[in-house]
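In full-length UniProt numbering, the protein residues as written are 1 to 241. C-beta atoms are modelled at their ideal positions from N, C-alpha and C, and glycine is treated no differently. Computed from a prediction, not measured in an experiment: that's the story for all the values here.
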Ligand code: F6R
């Protein structure tokens, strides 16, 4: 389940090939997407290979994992903005089937219910990409989140806000809440690929490797999935036994 690659580029190439194989097998696939630094080389490589191989992405439906509450789609740190910049504006996606929670929605709780429902109506996610936080979160499911959780509103932990403050002018500007897909929604995906790169993920990956499946380490739930892969570069794998 744990696969070590020499560097982030090698992971990006492999994941991009897996995504293209999925699209070629089923051109109306439902993809589960993540944002963050880990995904940037993956999307870069995917854009390059889709263009080179002339892959048709127009039949895809995508659901992102999460969005900050309080940031609109034009805010440069919103995840909708990130996705447009790194993927959606670069390939011929059917934009109306690229779903993210709306950070400015008047009734976030109702929206959460609808979001989980939309994924179920789409027939569940065929392939879910995940990054991992330094505290073991996936999406914004922080330690202690129930494995039975559906899309929900979360207060962000201080650690997550500090980690993400590098993208904002100051810590004060980092939103305090987000909407995230729940762990049960994630686990209903048919296939999961979790990616970790860089030395700052080395400690959590050693912990994940040793850990039983426990709500104290949300990413550990992936180890209980029948069709999941955890891909690490050598830096993130440095403390693995
Ligand atoms: C982002 C997300 C987060 C990130 C995680 C790692 O949509 O769901 O769980 O995957 O925080 O972020 P990076 O890749 O920036 O280290």
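Scan the stretch 99–136 and note each continuous alpha helix (DSSP H) run of 4 residues or more that stays entirely inside, going in chain order.
108–121
Close beta carbons around residue 132, own chain, < 7 angstroms, minus the five adjacent residues each side
138, 194, 196, 201, 204, 219
Cβ-based neighbour list, residue 147, same chain, cut-off 7 angstroms, excluding 5 preceding and 5 following:
183, 184, 215, 221
Would you call residue 16 buried or exposed, if buried means 16 or more other Cβ atoms sit within 10 Å of its Cβ?
buried
Beta carbon of residue 190 nearer than 9 angstroms to that of residue 126
For residue 190 and residue 126, yes; Cβs fall inside 9 angstroms.
What does residue 192 pair with, by DSSP beta-bridge criteria?
Answer by DSSP bridge pairing, in chain order: 128, 228.
Just to confirm the assignment, what range does the alpha helix (DSSP H) spanning residue 42 have?
DSSP places residue 42 in the uninterrupted alpha helix (DSSP H) bounded by 40–53.
Just to confirm before moving on: does the CB-CB distance between residue 74 and residue 102 stay below 9 angstroms?
no
Assuming residue 262 and residue 156 are in contact, meaning their beta carbons sit under 8 angstroms apart, how far apart are those beta carbons, in whole angstroms?
Given a span of 1 to 241 for the chain in the structure shown, any question on residue 262 remains unanswerable.
Assign residue 200 to one of three DSSP states: helix, strand, or coil.
Residue 200 falls in the helix class under three-state DSSP.
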